[in-house]
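A.B. asks: My questions will all concern the structure given below.
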Amino acid sequence: MRGQLLAGALVSGAMAARPFLNSPDTGIELVLGDLPKGQLAELDSIIGLPDFDWAAEHYLPDRNYTYYRNGAAGEYSYRNNLEVFHRYRFKPRVLVDISDVESTLPTTMLGHNVSAPFFISPCARAEYGSSKAEYGLVEGAAEGGIIYIPSHYAFLSIEEIHAAKAEGQVVFQQLYLTSNDTVTQQEIDRSEKAGADAIVFTVDSAADGNRHRAARYGVGSADSDYAAFTWTYYQKLQKMTKLPVIIKGIASAADAKLAVKYGAPAIVLSNHGGRQLDDSPSPLEVALEIYKEAPEVFKKIEVYADGGIRYGGDALKLLALGVRAVGVGRPMMFANIFGTEGVAKAVKILKHEIAIDAGNLGVADLKKINPSYVNWTPNNWAN
1 MRGQLLAGAL
11 VSGAMAARPF
21 LNSPDTGIEL
31 VLGDLPKGQL
41 AELDSIIGLP
51 DFDWAAEHYL
61 PDRNYTYYRN
71 GAAGEYSYRN
81 NLEVFHRYRF
91 KPRVLVDISD
101 VESTLPTTML
111 GHNVSAPFFI
121 SPCARAEYGS
131 SKAEYGLVEG
141 AAEGGIIYIP
151 SHYAFLSIEE
161 IHAAKAEGQV
171 VFQQLYLTSN
181 DTVTQQEIDR
191 SEKAGADAIV
201 FTVDSAADGN
211 RHRAARYGVG
221 SADSDYAAFT
231 WTYYQKLQKM
241 TKLPVIIKGI
251 ASAADAKLAV
261 KYGAPAIVLS
271 NHGGRQLDDS
281 PSPLEVALEI
291 YKEAPEVFKK
301 IEVYADGGIR
311 YGGDALKLLA
321 LGVRAVGVGR
331 PMMFANIFGT
341 EGVAKAVKIL
351 KHEIAIDAGN
361 LGVADLKKIN
371 PSYVNWTPNN
381 WAN
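In terms of full-length UniProt numbering, the sequence shown opens at residue 1 and continues consecutively.
See the structure below:
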């Protein structure tokens with residue numbers, strides 16, 4: 001009995017002492033640990049998405065890296081976004097013919113063909129990572145055949161970004177809106193004229209983000225207004241454009257159901273990368289809540305999710321619940337330190353990981369992945 005108690009105490013102590021996870025440990029530090037601060041690593045040294053984070057931290061000025069990396073308050077939502085995927089174990093199937101799994105990567109988003117079930121999420125200030133700013137992102141997305149959603153607070157203008165699109169490239173446009181309808185209409189008209197294929201209306205930053213880490217460098221939230229938006233306003237917004245208006249920042253099953261009620265064609269489950277409200281739920285937790293409480297949402301509208309996705313397996317768990325495509329933000333901003341080539345490599349890496357992880361899971365067709373491939377009883381690893 002004493003042995004059991006001692007073992008339990010040791011386990012509890014070990015878990016309590018587990019260090020705060022800033023980013024996954026990929027072993028790159030062992031190989032490139034002597035790389036001088038300010039020197040860019042070789043792109044060939046990048047194996048997975050977390051390697052881009054390491055490379056960016058060592059290459060960028062602290063102020064610039066901090067803007068991308070920071071989270072709200074104690075950054076527990078940031079940490080949870082990364083760790084929550086590991087609370088749920090896969091249930092692999094074997095002796096399955098998965099030889100054609102790569103051919104099942106392509107999907108559609110609002111009717112637009114894409115090469116894989118993920119997209120580049122909106123992130124502001126791409127110039128902090130590269131002199132190419134958003135050009136690297138739009139060009140990398142084009143090369144990889146995925147959708148890019150530029151931020152309203154991009155360094156380049158809406159017009160410049162959309163003018164850089166490849167022929168036939170699909171780009172949505174994220175907007176932060178104000179209560180001034182005249183200004184809102186102007187920004188929507190700009191987006192339409194520039195050639196945006198959809199509007200992404202961000203709703204999870206109703207007030208300023210409480211970002212301690214970024215505040216030390218004067219690079220806190222890009223949006224400091226208090227919002228006055230309601231679901232009624234969303235209805236009005238839909239009438240101001242011919243484009244579909246996607247709601248980004250849904251964090252509960254209740255709001256997902258309201259999105260259906262108010263005619264949203266698609267929603268993005270997101271907590272703003274853990275940058276707005278600490279202890280807000282991760283997109284995976286919200287997707288699981290919707291699956292349990294309102295599974296019909298996944299059939300009535302398209303559901304996307306972004307936050308914490310670093311590996312192919314992370315994406316698979318969201319897809320298994322019914323999410324149509326996942327967004328990747330920080331890793332793409334970090335990849336952009338290498339410009340177009342870096343972003344294109346990040347896209348290639350995630351495609352490959354989704355395919356091989358699906359194969360090892362026994363999923364022959366990504367369109368047929370479902371909740372049965374995951375044990376949705378949480379373990380204690382990340383508690």
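Glycine included, every Cβ here is placed at the ideal spot set by N, Cα and C.
Keep in mind it's a predicted model, so treat the numbers as computed, not measured.
Leaving out five residues before and five after residue 139 in sequence, what residues of the same chain have Cβ atoms less than 6 Å from its Cβ?
C.D. replies: On the sequence shown, residue 139 is found 139 positions in, with the first residue counted as 1. Excluding sequence neighbours, residue 139 sits near 340.
A.B. asks: Have a look at residue 6 and residue 270 and give me their C-alpha separation to the nearest angstrom.
C.D. replies: Indexing the sequence shown from 1 puts residue 6 at position 6. Indexing the sequence shown from 1 puts residue 270 at position 270. Confidence at residue 6 is low in this model, with a pLDDT of 46, below 50, so the placement of that residue is unreliable and no value is reported for it.
A.B. asks: So, with DSSP's three-state summary, where would you put residue 311?
C.D. replies: Residue 311 sits at position 311 when you count from the first residue of the sequence shown. The answer is coil: DSSP assigns residue 311 none of H, G, I, E or B.
A.B. asks: Would you check if the region 78-86 and the region 346-360 touch, i.e. whether three or more CB-CB distances between them fall below 8 Å?
C.D. replies: No, because fewer than three Cβ pairs between the region 346-360 and the region 78-86 fall closer than 8 Å, the two stretches do not touch.
A.B. asks: Near residue 158, what residues of its chain come up, given a Cβ to Cβ distance below 7 Å and the 5 sequence neighbours on each side ignored?
C.D. replies: As a working mapping, residue 158 is identified with position 158 in the sequence shown. Contacts found: 173, 190, 191 and 194.
A.B. asks: Please give the ranges of any alpha helix (DSSP H) in the region 56-94, keeping only runs that are unbroken, at least 4 residues long and fully inside the region.
C.D. replies: Taking only runs of at least 4 residues, the alpha helix (DSSP H) segments lying wholly in the region 56-94 are 62-69 and 76-83.
A.B. asks: Sort 324, 373, 369 and 49 by Cα distance to residue 116 and report the nearest one.
C.D. replies: Taking the first residue of the sequence shown as position 1, residue 116 is located at position 116. Checking every option, the nearest Cα to that of residue 116 belongs to 324.
A.B. asks: Would you mind sorting residue 170 into buried or exposed? The rule is 16 or more other CB atoms within 10 Å of its CB.
C.D. replies: The sequence position of residue 170 within the sequence shown is 170, counting from 1. Classification for residue 170: buried.
A.B. asks: Where do the N-terminal and C-terminal ends of the beta strand (DSSP E) with residue 291 fall, by residue?
C.D. replies: Counting from one through the sequence shown, the residue named residue 291 turns up at place 291. From DSSP, residue 291 is part of no beta strand (DSSP E) but of the alpha helix (DSSP H) over 283-293.
A.B. asks: Report the residue from 168, 146, 130 and 167 whose alpha carbon sits nearest the alpha carbon of residue 335.
C.D. replies: Working through the sequence shown from its first residue, we reach residue 335 at position 335. Considering only alpha carbons, the answer is 130.
A.B. asks: Helix or strand or just coil, what does DSSP make of residue 152?
C.D. replies: Your numbering for residue 152 matches position 152 in the sequence shown. If DSSP states are grouped into helix, strand and coil, residue 152 belongs with coil.
A.B. asks: Threshold first: 3 residues or longer. Then list the beta strand (DSSP E) segments lying entirely within the region 101-129, N to C.
C.D. replies: Correct list: 107-109, 112-114 and 118-120.
A.B. asks: Assign residue 302 to one of three DSSP states: helix, strand, or coil.
C.D. replies: In the sequence shown, residue 302 corresponds to position 302, counting from 1. If DSSP states are grouped into helix, strand and coil, residue 302 belongs with the strands.
A.B. asks: Between residue 231 and the rest of its own chain, which residues show a CB-CB distance below 7 Å, the 5 nearest in sequence each way excluded?
C.D. replies: Within the sequence shown, residue 231 is the residue found at index 231, counting from 1. The answer, listed in chain order, is 258 and 262.
A.B. asks: Looking at residue 128: is its Cβ nearer than 8 Å to the Cβ of residue 64?
C.D. replies: Within the sequence shown, residue 128 is the residue found at index 128, counting from 1. Within the sequence shown, residue 64 is the residue found at index 64, counting from 1. Yes, the Cβ-Cβ distance between residue 128 and residue 64 is below 8 Å.
A.B. asks: Check residue 161 in the structure and name its three-state DSSP category.
C.D. replies: Start at 1 with the first residue of the sequence shown, and residue 161 comes out as number 161. Three-state DSSP puts residue 161 in a helix.
A.B. asks: Are at least three pairs of beta-carbons, each pair with one atom in the region 307-327 and one in the region 350-358, less than 8 Å apart?
C.D. replies: Enough Cβ pairs lie closer than 8 Å, so yes.
A.B. asks: Helix, strand or coil for residue 200? Go by DSSP, reduced to three states.
C.D. replies: Position 200 of the sequence shown, counted from the first residue, corresponds to residue 200. Residue 200: strand per DSSP, three-state reduction.
A.B. asks: Starting from the Cα of residue 143, find the closest Cα among 132, 151 and 114 and give me that residue.
C.D. replies: Counting from 1 along the sequence shown, the entry for residue 143 is found at position 143. Residue 114 is the option with its Cα nearest to residue 143.
A.B. asks: Alpha carbon to alpha carbon, what distance is there between residue 373 and residue 366?
C.D. replies: Numbered from 1 along the sequence shown, position 366 holds the residue referred to as residue 366. Numbered from 1 along the sequence shown, position 373 holds the residue referred to as residue 373. Whole-angstrom Cα-Cα distance: 12 Å.
A.B. asks: At the level of alpha carbons, what is the spacing between residue 122 and residue 361?
C.D. replies: The count along the sequence shown starts at 1 and reaches residue 122 at position 122. The count along the sequence shown starts at 1 and reaches residue 361 at position 361. Spanning the two alpha carbons is a distance of roughly 30 Å.
A.B. asks: From the DSSP output, read off the bridge partner residues of residue 248.
C.D. replies: One-based indexing of the sequence shown puts residue 248 at position 248. According to DSSP, which records beta bridges pairwise, residue 248 is partnered with 202 and 268.
A.B. asks: With a CB to CB cut of under 7 Å and the five nearest residues on each side skipped, what residues in its chain are close to residue 9?
C.D. replies: Position 9 of the sequence shown, counted from the first residue, corresponds to residue 9. Only weak support exists for where residue 9 lies, its pLDDT of 44 falling under 50; the value from the coordinates is given anyway. None.
A.B. asks: Using CA atoms only, rank isn't needed, just tell me which of 22, 43, 134 and 156 is closest to residue 81.
C.D. replies: If you number the sequence shown from 1, residue 81 lands on position 81. Cα-wise, what sits closest to residue 81 is 22.
A.B. asks: Alpha carbon to alpha carbon, how far is residue 352 from residue 70?
C.D. replies: The residue you call residue 352 lines up with position 352 of the sequence shown. The residue you call residue 70 lines up with position 70 of the sequence shown. Rounded to whole angstroms, residue 352 to residue 70 spans 28 Å at the Cα level.
A.B. asks: Name the residue from 364, 376, 166 and 370 whose alpha carbon lies nearest to the alpha carbon of residue 104.
C.D. replies: Along the sequence shown, one-based indexing puts residue 104 at 104. Closest option to residue 104, Cα to Cα, is 364.
A.B. asks: Report the rounded CA-to-CA distance for residue 50 versus residue 295, giving the unit in angstroms.
C.D. replies: Numbered from 1 along the sequence shown, position 50 holds the residue referred to as residue 50. Numbered from 1 along the sequence shown, position 295 holds the residue referred to as residue 295. Roughly 32 Å separates the two Cα atoms.
A.B. asks: Looking at the secondary structure, which residues open and close the beta strand (DSSP E) in which residue 277 lies?
C.D. replies: As a working mapping, residue 277 is identified with position 277 in the sequence shown. First-last for residue 277: undefined, no H or E at that position.
A.B. asks: How would you label residue 391, buried or exposed, when you count the other beta carbons within 10 angstroms and need 16 or more for buried?
C.D. replies: No information on residue 391 is available, as it lies outside the stretch 1 to 383 that the chain covers here.
A.B. asks: From this set, 112, 255, 204 and 268, which residue's C-alpha is nearest residue 277's C-alpha?
C.D. replies: Working through the sequence shown from its first residue, we reach residue 277 at position 277. Measuring from the Cα of residue 277, the nearest candidate turns out to be 204.
A.B. asks: Buried or exposed for residue 150, please, with buried defined as at least 16 other CB atoms from any protein chain shown within 10 angstroms of its CB.
C.D. replies: If you number the sequence shown from 1, residue 150 lands on position 150. The residue is buried, with at least 16 neighbouring Cβ atoms inside 10 Å.
A.B. asks: Among the candidates 380, 176 and 309, whose CA atom is the shortest distance from the CA of residue 78?
C.D. replies: Start at 1 with the first residue of the sequence shown, and residue 78 comes out as number 78. Closest by alpha carbon: 309.
A.B. asks: Let me know the secondary structure DSSP gives residue 175 once reduced to three states.
C.D. replies: Translated into the one-based positions of the sequence shown, residue 175 becomes position 175. Residue 175: strand per DSSP, three-state reduction.
A.B. asks: Does the beta-carbon of residue 282 have 16 or more other beta-carbons within 10 angstroms, so that it is buried, or is it exposed?
C.D. replies: Taking the sequence shown and counting its residues from 1, one reaches residue 282 at position 282. With 16 or more Cβ atoms within 10 Å of its Cβ, residue 282 is classed as buried.
A.B. asks: Going straight from the alpha carbon of residue 385 to that of residue 137, what length do you get?
C.D. replies: No answer is possible for residue 385: it lies beyond the span of the chain, which begins at 1 and ends at 383.
A.B. asks: Is it right to say residue 97 is buried, meaning 16 or more other beta carbons lie within 10 angstroms of its own, or is it exposed?
C.D. replies: Here residue 97 refers to the residue found at position 97 when the sequence shown is read from its first residue. Residue 97 should be labelled exposed.
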